[in-house]
Amino acid sequence: MTIKDADIAIIGAGVMGLALAHNLASERKGPGGKRIVVVDGHYLAWGASGRNGGGVRQQWSTEMNVRLMQESMDICAHFAKRMRINVWMRRGGYLFLARTQAAARRLERNVGVQTRCGLGTEMIAPEEAAALVPELAADRFVAACYNPTDGIVFPWPFLWGYAHAAAKAGVAIHTSTPVTAIERRAGKAGGFRITTPAGTFTAQRVVCAAGAWSPDVARLVGASLPNRPQRHEILSTEPLKPFLKPMVTVSETGLYVSQSLRGELVGGISMPAEDDGGEVRLGSRLAFTTTMARALVELMPLLGHIKVVRQWAGPYDISPDGDPIVGELPDVPGFHVVCGFRGHGFMMAPVVARHFAAFLSGGPKHEFLTAWSPARFAAGAPPRRGGEEMFIG
Amino acid sequence: MSRKVILCRCEDVTLADVQHAVKLGYTDVEEVKRYTGFGTGPCQGKECLRGIVVAIAEAARLAPTALAPFTSRPPLVPTELAVLAGAGGAKRTR
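Chains A and B are the protein sequences, given in the same order. In this note's numbering, each residue's number is its place in the first sequence (first place is 1) plus 124. In this note's numbering, each residue's number is its place in the second sequence (first place is 1) plus 499.
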């Protein structure tokens, strides 16, 4: 199959690339055009979009992220009906637990930000957390916060939903089609010539939505991105009758665990950073399994006899200041990136893709496009500290 | 008939489910695993993988030998958290 020339080529058919393609195809105005091509080296859900824990939360520490995720949650809540696909969404809330006073104060500060955004998060005492999750060893914690409208989804149907809707709107999606070269076209025509084993095609603009693999793609146009991959592992247990309402997270260890609509407990935990040399590593490690098992049994001692059936790994995609990188690369006009989401790209994709697509189509520039601009990493730019502190895992 | 032929007993995936996935264009074993959920239950594909591969091959008109099995995931058998919590002492990281 040959690949047709495009106005916009999106590299990466993860949730970000597919959501962007769907939104671009739905935009009526602007110079975006309708010729949109998505290419990916693997099948749908091969990368981090198929490997994440499916959490969707509105509890963040910056007003922009809270508001973005309120909007994203709204898109998620209507996704099944609009896209006609079951996404196994369950809104049982997110419970953040704090073991130390320092973590409790952080949660309290963040709840203040969330309250200003109209979110119903509340600080609660350990006894109240135990009322929500009776299996919890609540005496190990000093405080908690809970927002009942956060939730979890089954990530894979989001990809199929976006992919089917985009394809229906005329987007050409080519999976198992790795990009091997990107050449900048000289002269009046401008744009890019993209090479794959399935053939060569041109695109006026390129959007790299390859997550942790984005630096490899950017290198093809001679650009260097500052984000680095970090292996993150998840395990899943045998299915149980529904008992666990919220996603439970522990601030100090990065532990998170939820019960999916399939009944399985799904969760992960922070592990010591490894020197990966910038390479994406997806192998499973016993050190993760044992660390996670100890943390889970400590959190809910009743879980000791529950069996683990599966574990896997996916890459977090981390920028130097922890914030995403979204926009046109200053040195490569026409080449855009949307990456660096640090394990939270899945839940942010619906809203980020909506606003980024509007901007690429000549619409308004959302404030995240200024805050997360790639220009902040240009040579000579002052080092910047990201504003967000509510990261998990 | 194919609606009543169960290929994956852990997750109730039928022959019709597999044929439907192939019809949508999912012909890689990993894709069919994700679309149907087969092989994600307690047996982790140890019972059903071969039967599903044959079903995919037939529906997609491929040779079964053209299809690679999906990545097998640890643990080898479902293992209690309490056992894992007490394991790997030497590799303890925290």
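Beta carbons: idealized from backbone N, C-alpha and C, even for Gly.
Counted within 10 angstroms of its Cβ, other Cβ atoms place residue i as buried (16 or more) or exposed
i, result
"residue 88 of chain A", "Residue 88 of chain A is absent from the model: chain A starts at 125 and stops at 517."
"residue 596 of chain B", "Absent from the structure is residue 596 of chain B, since the part of chain B shown begins at 500 and ends at 593."
"residue 409 of chain A", "buried"
"residue 173 of chain A", "buried"
"residue 228 of chain A", "buried"
"residue 367 of chain A", "exposed"
"residue 348 of chain A", "exposed"
"residue 146 of chain A", "buried"
"residue 403 of chain A", "exposed"
"residue 249 of chain A", "exposed"
"residue 164 of chain A", "buried"
"residue 125 of chain A", "exposed"
"residue 447 of chain A", "buried"
"residue 294 of chain A", "exposed"
"residue 305 of chain A", "exposed"
"residue 346 of chain A", "exposed"
"residue 279 of chain A", "buried"
Three-way DSSP call (helix, strand, coil) for residue i in this model
i, result
"residue 449 of chain A", "strand"
"residue 278 of chain A", "coil"
"residue 578 of chain B", "strand"
"residue 200 of chain A", "helix"
"residue 150 of chain A", "helix"
"residue 592 of chain B", "Interpretation of residue 592 of chain B is limited by its pLDDT of 47, a score under 50 that renders its predicted location unreliable; no figure is taken from the coordinates."
"residue 183 of chain A", "coil"
"residue 492 of chain A", "helix"
"residue 131 of chain A", "strand"
"residue 144 of chain A", "helix"
"residue 475 of chain A", "helix"
"residue 214 of chain A", "strand"
"residue 502 of chain A", "coil"
"residue 468 of chain A", "coil"
"residue 189 of chain A", "helix"
"residue 513 of chain B", "strand"
"residue 286 of chain A", "helix"
"residue 206 of chain A", "helix"
"residue 166 of chain A", "coil"
"residue 139 of chain A", "helix"
"residue 303 of chain A", "coil"
"residue 267 of chain A", "strand"
"residue 161 of chain A", "strand"
"residue 583 of chain B", "helix"
"residue 482 of chain A", "helix"
"residue 566 of chain B", "coil"
"residue 313 of chain A", "coil"
"residue 260 of chain A", "coil"
"residue 296 of chain A", "strand"
Contact test: residue i Cβ vs the ligand NAD heavy atom, cutoff 7 Å
i, result
"residue 505 of chain A", "Ligands are entirely absent from the displayed structure, and the ligand NAD is therefore not among its contents."
- Item | Inside the region 316-354 of chain A only - beta strand (DSSP E) runs reaching at least 3 residues | 316-320, 323-332
- Query: Counting only runs that start and end within the region 416-463 of chain A, where is the beta strand (DSSP E) found for 3 or more residues in a row?
  - Reply: 431-442, 449-452, 459-463
- Task: Residues of the region 561-590 of chain B with a CB closer than 7 Å to any CB of chain A: list them in chain order, please.
- Result: 572, 573, 574, 577, 578, 579, 580, 581, 583, 584, 586, 587, 590
- Message: Does the region 165-180 of chain A come into contact with the region 436-455 of chain A, if we say contact requires no fewer than three beta-carbon pairs (one atom in each stretch) closer than 8 Å?
- Response: yes
- Message: Measuring CB atoms only, is the region 481-499 of chain A touching the region 202-214 of chain A, in the sense that at least three cross pairs come out at less than 8 Å?
- Response: no
- Pair every Cβ in the region 347-359 of chain A with every Cβ in the region 196-211 of chain A, then say whether three or more of these pairs are closer than 8 Å. no
- Task: Name, going along the chain, the residues of the region 373-386 of chain A whose beta-carbon falls closer than 7 Å to a beta-carbon of chain C.
- Result: Absent from the structure: chain C. Protein chains present are A and B.
- Task: Counting only runs of 4+ residues fully inside the region 523-561 of chain B, write out the alpha helix (DSSP H) ranges in chain order.
- Result: 528-535, 548-559
- Item | chain B contacts made by the region 450-461 of chain A, where a contact means CB separation under 7 Å | none
- Validate contact between the region 317-325 of chain A and the region 301-308 of chain A using beta carbons, cut 8 Å, 3 pairs: yes
- Contact the region 240-251 of chain A vs the region 386-396 of chain A: 3+ CB pairs below 8 Å: no
- Residues, ordered as in the chain, of the region 538-549 of chain B that lie near chain A by beta-carbon distance below 8 Å: 539, 540, 541, 543
- Which residue spans inside the region 354-421 of chain A form an unbroken beta strand (DSSP E) run of at least 3? 371-374, 379-383, 389-392
- Query: Per the contact definition of three or more C-beta pairs closer than 8 Å, is the region 130-138 of chain A in contact with the region 270-280 of chain A?
  - Reply: no
- Message: Quick check: the region 412-428 of chain A against the region 457-476 of chain A, are at least 3 beta-carbon pairs closer than 8 Å?
- Response: no
- Query: Which residues, in order along the region 513-531 of chain B, keep a beta-carbon less than 7 Å from a beta-carbon of chain A?
  - Reply: 527, 529, 530
- Mind pulling the alpha helix (DSSP H) runs of 4 or more residues that sit fully within the region 216-252 of chain A? 225-240
- What residues in the region 410-427 of chain A have a beta carbon less than 9 Å from any beta carbon of chain B? 410, 411, 412, 413, 414, 415, 416, 417, 418, 419, 420, 421, 422, 427
- Relative to chain B, which residues along the region 429-445 of chain A have a C-beta separation below 7 Å, given in chain order? 429, 430, 431, 432, 433, 434, 435, 436
- Message: For the region 348-376 of chain A, list every residue whose C-beta sits within 7 Å of some C-beta in chain B, in sequence order.
- Response: 362
- Message: What are the residues in the region 273-287 of chain A lying within 8 Å of chain B by C-beta distance?
- Response: 280, 284
- Does the region 477-484 of chain A come close enough to the region 523-536 of chain B that 3 or more CB-CB pairs lie under 8 Å? no
- Going along the chain, which residues of the region 155-179 of chain A sit with their C-beta nearer than 9 Å to a C-beta in chain B? 166, 167, 168, 169, 170, 174
- Task: Specify whether the region 328-338 of chain A and the region 453-461 of chain A touch according to this definition: at least 3 beta carbon pairs, one from each stretch, less than 8 Å apart.
- Result: yes
- the region 507-526 of chain B touching the region 243-262 of chain A, judged by at least three CB pairs closer than 8 Å: no
- Pairing CB atoms from the region 376-388 of chain A with CB atoms from the region 543-563 of chain B, are three or more of them under 8 Å? no
- Please name the residues in the region 473-498 of chain A whose beta-carbon is closer than 7 Å to at least one beta-carbon of chain B, in chain order. none
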